[in-house]
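Student:
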Amino acid sequence: MLDLYTPGSSFLHRLPPAPKMLAMMLGATLLFINQSLPVTIAATLVIFALYPVAQLTLKQAFAQIRPLLIIFVLFFVVQWYFSGLELAAYVVLRLAALILLASLVTLTTRSSDMIDTMTHGLSYLKPIGVNPEKVSLAISLALRFIPVLAQITREVREAQKTRGLERSVIAVAMPMAIRAIKMADDISDAIDSRGYRS
C-alpha cells in the first residue's frame, strides 16, 4: 500500500499517532472556524515552521502544494472576482494550510500506525454498529489522498519534463490517469487483504 512516511528521529516522528491526529483535527477545525486573514497567515507560517522541527526541508513542504498551484490560482481568481482580494487570499491560504498540516502528519506517521490508532479509538463505537476497521481505513485513505495525488502529479511532471512534454496536456494527463488507476488497485488490494469486503 502507498505510504508517504519519511523516516526520521524528530520529536514529531517519535510522538504517538493519536496526539498528532487529534492536533490535526483540532487545527483543521480552528482553521475553518477562524475568519481572520492575519490569523490564517500566522497559522500557515507556524505549520511551515513545523517542517524543519520534523527534520523535513521547506522544499519538501512546498512540494506538498506545488502540484495544486493551478487550483489555488483558479480559486483565488474566482474568489477575487466575486468576493474581493482579502477573501480570496483567506480561502487559498486556508486550503494550503490544511494540505500542509495533513501532509506533515502523513510524512511523520506510518499509515499502518494511523490505521491501528483509529481502529482502537473507534472500537468503543462497536456497540452502536460501527465497524472500526472499515471506518479507520476510510479516514486514513481520505487523509492521505491529497499528498498521494500531489506526489503522483509531481512524479509525472518531472518524468515528462525530461522528455520535453511538460506542456502537452495529453502527455501529462494520461500517465496521471494510469497512476491513479494503479493507486486504486493498490487500495483495493489493501482492503481485500484485511478482509474488509465481507
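Residue numbers 116 to 313, in our numbering, belong to the letters of the sequence shown in order. All residues carry an ideal CB built from backbone N, CA and C; glycine is no exception. Small disclaimer: the values here were computed from a predicted structure and weren't measured.
1) Is PHE147 near LEU215, with beta carbons less than 8 Å apart?
2) Could you round the C-beta distance between HIS235 and ALA169 to whole angstroms and report it? I think they count as a contact, below 8 Å.
3) I'd like to know whether the C-beta atoms of LEU171 and LEU222 end up nearer to each other than 8 Å.
4) Report the residue from LYS249, ARG209, LEU202, PHE197 whose alpha carbon sits nearest the alpha carbon of ALA143.
5) For the alpha helix (DSSP H) that contains GLY236, what are its first and last residues?
6) Apply the 10 Å Cβ neighbour rule to TYR205 and answer buried if 16 or more other Cβ atoms are within range, or exposed otherwise.
7) In terms of residues, what are the limits of the alpha helix (DSSP H) holding ALA211?
8) Tell me whether PRO131 sits in a helix, a strand or coil according to DSSP, three-state version.
9) Among SER238, VAL207, ARG181, LEU141, which has the Cα closest to the Cα of VAL97?
Tutor: This is what the structure holds:
1) no
2) Their Cβ separation, rounded to whole angstroms, is 24 Å, which puts HIS235 and ALA169 out of contact at 8 Å.
3) yes
4) ARG209
5) 226-237
6) buried
7) Looking at the DSSP string, the run of the alpha helix (DSSP H) that includes ALA211 is 200-223.
8) coil
9) As shown, the chain starts at 116 and ends at 313. That puts residue 97 outside it, with no answer to give.
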